[in-house]
Amino acid sequence: MLPATFKLCAGISYRHMRNMTGLRRNALAAIHQELNRLAGPGPSNWISQVRRRSSLLSSRIQEEEGYNEEEMSYVKQGEDALKKAISILSEQDGWTVETVANGDKVLSKVLPDIGKVFKLEVVLEQRPDNLYEELVEKMEQMGEWNPNVKQVKILQKIGQDTMVTHEVSAETPGNVVGPRDFVSVRCAKRRGSTCFLAGMSTQHAKMPEQKGVIRAENGPTCIVMRPCAEDPNKTKFTWLLSLDLKGWIPKTIINKVLSQTQVDFANHLRNRMANNVSMEMAHSC
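In C-alpha cells:
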C-alpha cells in the first residue's frame with residue numbers, strides 16, 4: 002500500500018495533478034494513515050522522519066491553498082531567485098578576486114544573460130540565527146545601521162518565507178552614483194543550521210517608479226549563513242550580489258562601487274551585532 006501511496010503523492014509534483022481539488026490532501030492523509038499502521042506502538046526512526054516530512058508538506062500545502070494568483074506568483078519568483086542563486090554559488094570555477102580587506106574577500110565573474118556578479122565571503126563572530134534575526138526579522142531597521150541604505154520597507158508578506166520590499170539606497174560619496182530604489186521579492190529559508198535570504202527585482206502596485214529616483218534592478222541575489230566548521234558560534238557569510246544600477250555610469254565605476262559596498266556592508270553588520278551584544282550585556286547588569 003505504501004509504495005502506491007507515495008506514487009499518488011508524487012503525482013502532486015505535476016501541475017495538472019497539483020490543481021486537482023483535494024488530491025494533495027487525500028494523498029497526505031493516506032500517507033499518514035499508512036505510516037501509523039506500519040509504525041505500531043514504537044515507530045522506527047525512518048518512519049518518524051517520513052512522517053515529519055509529510056507533516057511539513059501538509060502545512061505548506063494548506064498555506065499555499067490560501068494564496069491568490071498574485072501571491073503565488075511572488076512565492077514562485079522568490080523560490081526561483083533562491084534556486085538560481087544557489088546554482089551560481091555552487092560553481093567554484095571562474096571567480097576572480099576583486100578586493101581583499103582584513104580577511105574579507107570579494108570575487109566576481111561574468112555570467113551569460115546576467116552579466117557581472119559579485120560574491121562576498123567573510124567570517125562573522127556571530128551565530129547564523131542571530132544574523133538571520135537581524136537581516137530578516139529586523140529587515141526594516143537596516144537603515145539605522147547601514148549608511149548605504151536610506152530605507153527598507155516591507156510592502157507585502159506572503160506566508161512565512163516570502164515578502165515584497167522597497168529599498169532606497171543612499172548616494173555614494175561625491176554623489177558618483179546617485180540614490181536608487183528597488184522593488185524586490187525576497188525568499189527567506191532555513192535548512193538545518195543554514196539560513197538563506199534570496200531576492201530579485203519585481204513589480205508591486207503599492208510602489209510604482211518614483212519621480213526623481215532611478216529604479217534599479219537586482220537579482221538573483223542571495224545571502225547564505227552557515228556555522229563555521231571550526232567554531233559553530235561563528236558564521237561563514239556569503240553574499241551573492243547582482244545589480245543593474247541603470248543610468249549612464251561607466252562599468253569601471255560600477256564594479257568599484259559594488260565591491261566596496263559589499264566590504265562596507267560586512268563592516269557595518271559587524272558593528273551592529275557588536276552593539277547589540279553590548280546592549281544585551283548592559284541590560285543584564
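Quick note on numbering: the sequence shown equals residues 2 to 286 in this note's numbering.
From the three backbone atoms N, C-alpha and C, an ideal C-beta is built for every residue, glycine too.
Of all alpha-carbon atoms in 232, 206, 243 and 239, the one lying nearest the alpha-carbon of residue 75 is that of 206. Taking a cut-off of 8 Å on C-beta distances, the region 233-244 touches the region 208-224, as three or more cross pairs fall below it. Counting the other CB atoms within 10 Å of its CB gives residue 71 a total below 16, which places it among the exposed residues. The straight-line gap separating the alpha-carbon atoms of residue 193 and residue 94 is approximately 26 Å.
Residue pairing from DSSP places residue 157 in a beta bridge opposite 165. Going by beta carbons, residue 203 and residue 184 fall inside the 8 Å limit. When 91, 119 and 83 are compared, the shortest CA-CA separation from residue 100 is found for 119.
By the 16-neighbour rule on beta-carbons within 10 angstroms, residue 148 is exposed. Residue 67 sits in coil when the DSSP states are folded into three classes, being neither helix nor strand.
Here the alpha carbon of residue 84 sits roughly 10 Å from the alpha carbon of residue 90.
In this structure residue 79 is buried. Its beta-carbon is surrounded by 16 or more other beta-carbon atoms within 10 angstroms.
Membership of residue 130 in the alpha helix (DSSP H) is indicated by the continuous run 129-133. For residue 152, the beta-bridge partners assigned by DSSP are 169.
Per DSSP, the unbroken beta strand (DSSP E) holding residue 200 starts and ends at 195-202. Here the alpha carbons of residue 256 and residue 250 stand approximately 10 Å from one another. Taking a 10 Å sphere around the C-beta of residue 270, we find 16 or more other C-beta atoms and assign the residue as buried. Going by DSSP, residue 185 is part of the beta strand (DSSP E) stretching over 181-192. In this structure, the straight-line span from the alpha carbon of residue 129 to that of residue 259 is close to 24 Å.
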